[in-house]
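Here the protein sequences line up with chains V and R, keeping their order. Sequential numbering of the first sequence, starting at 1, is according to our numbering. Sequential numbering of the second sequence, starting at 1001, is according to our numbering. Report on the structure given below.
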Amino acid sequence: DTAVSQTPKYLVTQMGNDKSIKCEQNLGHDTMYWYKQDSKKFLKIMFSYNNKELIINETVPNRFSPKSPDKAHLNLHINSLELGDSAVYFCASSRRGASGELFFGEGSRLTVL
Amino acid sequence: ELKVEQNPLFLSMQEGKNYTIYCNYSTTSDRLYWYRQDPGKSLESLFVLLSNGAVKQEGRLMASLDTKARLSTLHITAAVHDLSATYFCAVDMYNTDKLIFGTGTRLQVFP
C-alpha cells in the first residue's frame, strides 16, 4: 500500500486551462503539504493543512487553491494555468508534534503548453 | 527569512572515495533532515536530526548537526555507484513543521 499517493502522475495541458491534483495518505498523519519543485530541482513549500485547517499559505498566486476535505486528503486546484506553473508538485504528510519528518508522494508532473 | 544553502551543488566522485556535503542555515533551528531523490522519483527520508550534536549513520552515510554553527554535514564513506542521487537537507523553521529545503547536491559516483 502506497503511504502517500497522488493522482495524476502526469498532466499535460494548455495555458488557460484549470486542473486539479489529488493526494491521499494512509499513515494516520494530521498534517499535509504541497511542495513545488521547479526545473532546477528547487523545492518550495506552498501550503500546509492540519486537520483540515490551513496553517501555511506561502506567497502563491491565488490561482492555486488547496482543499482538504478530511485529514487524509489534500487536493490542489489550479485555475488559468500559465507556462510558469510547469513543475513537479509533491504532496507530503507528517504528524504534528512528532519529529517533523515529511513523507512524500511520488509527485505530479505538470506541463503547461 | 530562513535560508538553507548546500555545497557543493554538484559532486562527481570516484567509487571508494570519501566526501562531505555541507548544509548551512541562517536562523535558529534544532531540527534538520536529509532526503535523497533519484531522478524522476520522490524524496526518501534518510536522517532526522533533532538536537545539537546529533549524529546518525546508515550504511556509508553519516549525518551530523551542529546547531550553534547552524551547520549539518552528510559524510559519504567509500562511495559506491548506488549512492548517485540528489541529496537535500531541510530545516524546520522555528520548529513550526515548515520545512525549508536546501538547493540540493547532485552526487555522481563513477567507477
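Note that beta-carbon positions come from the ideal geometry of N, C-alpha and C, so glycine has one too.
- Beta bridge pairing from DSSP links Y1033(R) with V1048(R), A1090(R).
- Boundaries of the beta strand (DSSP E) harbouring Q1057(R): 1055–1058, taken from the DSSP string.
- Within chain R, D1097, K1098 have C-beta atoms less than 8 Å from the C-beta of S48(V), given in sequence order.
- Rounded to the nearest whole angstrom, the CA to CA distance from G1104(R) to Y1087(R) is 5 Å.
- Y1025(R) does not reach chain V, its nearest Cβ partner there being about 14 Å away, counting only Cβ pairs nearer than 9 Å.
- Neighbours of R1070(R) across chain V, judged by C-beta separation under 9 Å, do not exist; the nearest C-beta is about 17 Å away.
- Taken through DSSP and simplified to helix, strand or coil, L1083(R) comes out as helix.
- Per DSSP, reduced to three states, the secondary structure at D1066(R) is strand.
- Secondary structure of L1043(R) (DSSP, three-state): strand.
- D70(V): member of the beta strand (DSSP E) spanning 64–70, first to last residue.
- Distance from the CA atom of S5(V) to the CA atom of T1020(R), rounded to whole angstroms, is 33 Å.
- Linking M15(V) to L81(V) through their CA atoms gives a straight-line distance of about 5 Å.
- Proximity of V1004(R) to chain V, defined by a Cβ-Cβ separation below 8 Å, is not satisfied.
- The beta carbon of M1093(R) sits closer than 8 Å to those of L1002, T1027, S1029, L1099, I1100, all from its chain and outside the five residues before and after it, given in chain order.
- Contact check for N50(V) against D30(V) passes: the beta carbons are separated by less than 8 Å.
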